[in-house]
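Have a look at the structure below before the remarks.
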RNA sequence: UCGGGGAUAGUUUAAUGGUAAAACAUCUGACUCUGGAUCAGAAGUUUGGGGUUCGAAUCCCUGUCCCCGAGCCA
């Protein structure tokens, strides 16, 4: 469990402490994280999981993983496996407490019969459209279903025949008999069971009636001995029903506690929409590095530590919140800055020939792996007559304040020597294809005996030793306008640009990276943090950019 | 329109009748073998109006605005 960092206490802690004072649950704290296996977990799920598992951790309690799999047409085993894997990646653990709502189908069925016998549930023959009509609206009360007063015997018989599969989908439902005039729609005789002749990912064709969320969730919590059933404020109106069912059944009733929903700037988390992106091939899959899914963020290079840090730094309240995505970027920079080795990589190579360096001479210079952490040690990298530097690091028109290379200018090659540029070789179209330079033999290690100062330091790789790599630059899927501000009722898919991936081929990285393993993360100096893609082929190193560093030069330039 | 919930810097949260604060974001400056990182500094906040009180973000009254709810989804 991620125990190193703990979230500050929030209002839920106060509720629990109050329960502990009054002894309501005998000092127990037992929560559950209840995803529906109908998609992959995304960044907001990480926050919710952190609330559920975190509360149990903070009070020395337990948290179950329970899949809310009551709708067979949306759910798949692939998602169950994906969710479990992601949760483990985040560091959460539930011992042997992995449950499924579908574990309780038989019990739920028997409880439904109990409610029928108590005269609190009935089989209704209204069609979906009729049910809607009878339900009334915001200001007018609903009307009783004509089937509301069937006898217990008839209800029992009909319900059993529903279960046996005698009726087609949608022809009948089992409903709770509560109050069709109740101001809360959830209490207007809510549907408990619907007929669905569909194969369930776990129970196969054993059932053709499936419980609704309301008829399954509270009882599942009750069976598992959950004390605090945490959910978002969208379920506030469901709490009276949650409690009504437990009370009518005469079973233990947990306390439902609601917290505000979470959204992120420039991020769309809607399952339907993400699914659509995957299906329509706008992204390569659920784990596309641009996706807000946790498998996507992982592939892009985000660490579980950074994501947990984000969860701890953002609060929990009853207000719906929009978390700035910049905070996530801060968290990953914080984490990677400490752990990612600095390596040299040239994304857009420009050849440099050092004319006064012997053609076949190679010098292996020493380089520190992380200037802020000596324990990460040093490595040796080859320096030779032909090198590559970044195209962006040479400017013919070098403006004021430009510390990098230009005609006649001297810079330091990091860990190497000072070089001075004498000539830019151009092709027929006037593009610079090569720089002719000389080096100062006195400047080994980056300093000269005369102590002269060069302000610019560049990263570079030896042309003879460099390893070819492909670099993919990713940004958040959505660009401005912020999709959270989508005009009402419009299909934002038509309105919003999404970032395509930028693939840079012909990148050159220092030779030591040939030994890097998929998932390894690095800081390429000045260009950002990169993660070696897990799907990379052995022949070619593919790096995904996690997050860019702040480009201070362009800021300097903008000011002028 | 009916029911439920919410409102403190740009954002997310503290302050539980006693000096309104932190982090991120923003801006300024310093430093550096990258201009990154780091360090220092600045600006900015109680939804409006009334009331109680020596004293109100907090208690009372009253407005305003925002979110959720009419699935046989969860």
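Numbering (our numbering), first residue to last: 283 to 842.
For glycine and all other residues, C-beta sits at the position ideal for the given N, C-alpha and C.
Since we're looking at a predicted model, the values are computed, not measured.
Local conformation of residue i per DSSP, three classes
i           : result
residue 522 : helix
residue 474 : strand
residue 843 : Beyond the ends of the chain as shown, which are 283 and 842, falls residue 843; an answer cannot be given.
residue 766 : Caution is warranted here: a pLDDT of 49 is assigned to residue 766, below 50, making its placement in the model unreliable, and no coordinate value can be reported.
residue 793 : helix
residue 810 : strand
residue 712 : coil
residue 646 : strand
residue 833 : coil
residue 699 : coil
residue 321 : coil
residue 651 : coil
residue 633 : strand
residue 393 : helix
residue 499 : helix
residue 283 : With a pLDDT of 42 at residue 283, under the threshold of 50, the modelled position of that residue is not reliable, and no figure is offered here.
residue 679 : coil
residue 815 : coil
residue 299 : helix
residue 364 : helix
residue 304 : helix
residue 668 : strand
residue 720 : strand
residue 327 : helix
residue 467 : helix
residue 593 : helix
residue 565 : coil
residue 820 : coil
residue 344 : strand
C-beta atoms of residue i and residue j nearer than 7 Å
i           : j           : result
residue 827 : residue 756 : yes
residue 329 : residue 535 : no
residue 515 : residue 542 : yes
residue 319 : residue 361 : yes
residue 664 : residue 646 : yes
residue 806 : residue 649 : no
residue 357 : residue 351 : yes
residue 405 : residue 369 : no
residue 325 : residue 689 : no
residue 586 : residue 373 : yes
residue 489 : residue 387 : yes
residue 749 : residue 796 : yes
Status (buried if at least 16 other CB within 10 Å, exposed otherwise) for residue i
i           : result
residue 408 : buried
residue 623 : buried
residue 692 : buried
residue 286 : Residue confidence is low: residue 286 scores 46 on pLDDT, short of 50, so the model does not pin down where it sits. Its coordinate-derived value is still stated next. Exposed.
residue 838 : exposed
residue 653 : exposed
residue 501 : buried
residue 810 : buried
residue 669 : buried
residue 533 : exposed
residue 266 : The shown model of the chain, from 283 to 842, leaves out residue 266, and the question about it has no answer.
Nearest neighbour of residue i, chosen from the options [CA to CA]
i           : options            : result
residue 471 : 680, 512, 500, 458 : 458
residue 378 : 399, 506, 372      : 506
residue 639 : 484, 581, 612, 744 : 744
residue 786 : 810, 824, 795      : 824
residue 313 : 375, 647, 648      : 375
residue 482 : 721, 383, 392, 504 : 383
residue 349 : 363, 537, 341      : 363
residue 673 : 742, 485, 395, 704 : 742
residue 513 : 444, 544, 493      : 544
residue 812 : 321, 819, 371, 791 : 791
residue 816 : 659, 583, 724, 333 : 583
residue 392 : 671, 616, 614, 474 : 474
beta-carbon residue i near the ligand NAD non-hydrogen atom, thresh 6 Å
i           : result
residue 402 : With respect to the ligand NAD, the structure shown offers nothing to examine, as it has no ligands at all.
Please determine if the region 407 to 422 and the region 439 to 459 are in contact, where contact requires at least 3 C-beta pairs separated by less than 8 Å. yes
Within the chosen definition, does the region 428 to 445 reach the region 386 to 405 through at least 3 CB pairs nearer than 8 Å? yes
Below 8 Å, can you find three or more Cβ-Cβ pairs linking the region 289 to 307 to the region 337 to 354? yes
Is the region 417 to 432 in contact with the region 462 to 469, if contact means three or more CB pairs nearer than 8 Å? yes
Could you check whether the region 592 to 608 touches the region 675 to 684, counting it as contact only if at least three pairs of C-beta atoms, one from each stretch, sit closer than 8 Å? no
State whether the region 571 to 582 contacts the region 520 to 531, with contact taken as three or more CB pairs (one from each stretch) at a distance under 8 Å. no
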